[in-house]
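In UniProt numbering, the protein residues as written are 1 to 374.
The following block contains the structure:
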């Protein structure tokens, strides 16, 4: 009897001990993961404060770099040290997209050629490439393709720094001439048409709005939410911030400070005014993608916009809302309201967009820390 009781007690003790050990190990693992996640978030916040454009936008890309499975990424400061601050003595040559310098990576004991992209000119090329891609999707393919998630992390650059629009996971196909209306809302907060968020309706003008936000982001070097200097806890949308400068007649003051004034004023003003035009609160007053591209190419005059940003009113509609990652980066999520409405168009499954005269193929490129802005 006593031996049986001892064995029972031993079994109970081992079970309890094993369970306690598993709980402790699980707690340690969770604590470690939380610390890593917190450090990663702090690093992304620091990069945001420093004004980096793409760092942290794509968590999957960030993980690739951390795991060492992606290309090696160097900070601008490291490259400046390697080239003696891009001195003329280190310059090997100069091309249409920038200069090439001889550099020495001391930690890797490696001599390399480093290309420093010109600051202003290729932003204009990126803008035109992105506009051409959307023009093809909306008007030049056999059906109208609503991308529904235009944002910087879906814009890639090829070896020549030409813009390519990718990620068609939320795209929809609609027939030309039948309207481009769909009742299922999708996109990324900060780049989504505010009217779509209220009415639950999205169409080609919604893509034009998202394009406008990206144009302003390229020109200003700022994310969709801008911190107000006088009130650090307050923020406003980038469109409102640029529109305020436009109303003062000083729109070029909103240009990216990191350019240090080294840009073509006519091109910069054109990009920002077209960006405001595309993000007009009243979708009926926005340009078609062809009108926007013609203005960006200086083939049409710029519009005369009101000095103050208009306020539009919308009629709400209950529906299904599908959102991609938030404006500051993050994982995808889906939020569904109590009443789900049907999809009014077929699903676009193409992963790339190609055209006769448009560049719309998804490719990738990595240059310095912000290849889209440099």
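The C-beta atom is built at its ideal place from N, Cα and C for all residues, glycine as well.
Boundaries of the alpha helix (DSSP H) in which residue i is found, first to last residue
i: residue 172; result: Run containing residue 172: none in the alpha helix (DSSP H); it sits in the beta strand (DSSP E), 172–174.
i: residue 145; result: No alpha helix (DSSP H) contains residue 145, which is instead part of the beta strand (DSSP E) from 144–146.
i: residue 266; result: 265–278
i: residue 197; result: 194–199
i: residue 79; result: 76–82
Residue i to residue j span [Cα, whole Å]
i: residue 90; j: residue 76; result: 16 Å
i: residue 110; j: residue 104; result: 6 Å
i: residue 310; j: residue 277; result: 11 Å
i: residue 281; j: residue 39; result: 38 Å
i: residue 264; j: residue 159; result: 23 Å
i: residue 107; j: residue 36; result: 26 Å
i: residue 256; j: residue 303; result: 22 Å
i: residue 218; j: residue 78; result: 24 Å
i: residue 226; j: residue 215; result: 15 Å
i: residue 212; j: residue 162; result: 18 Å
i: residue 266; j: residue 260; result: 16 Å
i: residue 10; j: residue 167; result: 59 Å
i: residue 250; j: residue 30; result: 51 Å
i: residue 153; j: residue 248; result: 32 Å
i: residue 198; j: residue 312; result: 11 Å
i: residue 88; j: residue 269; result: 31 Å
i: residue 32; j: residue 23; result: 14 Å
i: residue 84; j: residue 307; result: 46 Å
i: residue 8; j: residue 25; result: 26 Å
i: residue 18; j: residue 12; result: 10 Å
i: residue 290; j: residue 28; result: 57 Å
i: residue 234; j: residue 243; result: 17 Å
i: residue 124; j: residue 21; result: 60 Å
i: residue 262; j: residue 284; result: 35 Å
i: residue 301; j: residue 200; result: 33 Å
i: residue 221; j: residue 258; result: 8 Å
i: residue 58; j: residue 74; result: Legend: pLDDT at residue 58 = 44, less than 50; position of this residue unreliable, no value from coordinates given.
i: residue 72; j: residue 305; result: 45 Å
i: residue 297; j: residue 133; result: 14 Å
i: residue 299; j: residue 34; result: 53 Å
Residues near residue i in its chain [Cβ-Cβ closer than 7 Å; skip 5 each side]
i: residue 86; result: 80, 101, 116
i: residue 253; result: 245
i: residue 15; result: none
i: residue 92; result: 100, 101, 102, 113
Residues near residue i by beta carbon distance below 6 Å, same chain, minus five either side
i: residue 293; result: 131, 135
i: residue 206; result: 193, 196
i: residue 271; result: 127, 215, 219
i: residue 5; result: none
i: residue 240; result: 309
i: residue 210; result: 150, 191
i: residue 82; result: 103, 104, 105
i: residue 48; result: Summary for residue 48: the model assigns pLDDT 46, below 50, so the residue's position carries little reliability; its value from the coordinates is reported in the next sentence. Nothing meets the Cβ criterion.
i: residue 138; result: 144, 204, 289
Endpoints, beta strand (DSSP E) assigned at residue i
i: residue 165; result: 163–165
i: residue 293; result: No beta strand (DSSP E) contains residue 293, which is instead part of the alpha helix (DSSP H) from 289–296.
i: residue 137; result: Note, residue 137: premise wrong, no beta strand (DSSP E); not H, not E.
i: residue 189; result: It is not in any beta strand (DSSP E) - residue 189 carries neither H nor E in the DSSP assignment.
i: residue 157; result: 155–157
Own chain partners of residue i with C-beta closer than 8 Å, once the 5 adjacent residues on each side are dropped
i: residue 155; result: 126, 130, 163, 164, 165, 166, 214, 372
i: residue 287; result: 208, 274, 277, 278, 295, 303
i: residue 237; result: 190, 224, 225, 226
Min CB distance residue i to chain D below 8 Å
i: residue 251; result: No chain D is present in this structure, which holds just one protein chain.
Residue i Cβ short of 7 Å to the ligand PLP heavy atom set
i: residue 200; result: For the structure depicted, the ligand PLP is absent and the ligand set is empty, with no information on it obtainable.
Handout entry: Within the segment 201–237, ranges of the alpha helix (DSSP H) (whole runs, at least 4 residues)
Key = Listed in chain order, they are 204–220.
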